[in-house]
Amino acid sequence: MSFTRRPGSGRRRHTSRREDRHIIRNARVQTNASLAAIQAQVAPSLGELVFSQTIRRRLAEGHLRSRPPFRVLPLTHTHRHLRLVGCHA
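Numbering (the UniProt record's numbering), first residue to last: 1 to 89.
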């Protein structure tokens, strides 16, 4: 005897498909946004707080992931070159 799961069985989703697309679109527009930043942008437009785990799950469904926030700004090519020149001098 095998067990098959019926379609539609399981826990109801907190966000609709439209809200899911909104979360994914925000993550694609701002590629370096952290999870907290995406959560802060999405909450006013949806009208309620969306948990960070929900956003993480929706991004995973869209084959995306949230980025950790920058601790320092990355150096440009010119800055890296000048630092390298300074080290060799």
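A virtual CB, placed ideally from N, CA and C, is assigned to each residue, including glycine.
*Note down, in chain order, each residue of its chain lying with its Cβ closer than 8 angstroms to the Cβ of His22, except the 5 sequence neighbours on either side.*
Taking the first residue of the sequence shown as 1, we reach residue 22 at position 22. Cβ neighbours of His22 beyond the five flanking positions: Val42, Ser45 and Leu46.
*Leu35 to Pro68 span [Cα, whole Å]*: Here residue 35 refers to the residue found at position 35 when the sequence shown is read from its first residue. Here residue 68 refers to the residue found at position 68 when the sequence shown is read from its first residue. Looking at the two C-alpha atoms, the distance is approximately 8 angstroms.
_Counted within 10 angstroms of its Cβ, other Cβ atoms place Ser16 as buried (16 or more) or exposed_ = By 1-based counting over the sequence shown, the position of residue 16 is 16. That one is exposed.
*Sequence-distant residues of the same chain with beta carbon closer than 6 angstroms to Asp20, five excluded per side*: Within the sequence shown, residue 20 is the residue found at index 20, counting from 1. Only Arg58 meet the Cβ criterion.
_Using a Cβ-Cβ cutoff of less than 6 angstroms, which residues in the same chain neighbour Leu64 once the five nearest sequence positions on both sides are dropped?_
Stepping through the sequence shown from its first residue, residue 64 is reached at position 64. These residues qualify, in order along the chain: Ala27.
*Relative to the alpha-carbon of His14, which residue among Val50, Gly8, Phe3 and Ala40 has its alpha-carbon at the smallest distance?*
Numbered from 1 along the sequence shown, position 14 holds the residue referred to as residue 14. Selected option, being the one with the closest Cα: Val50.
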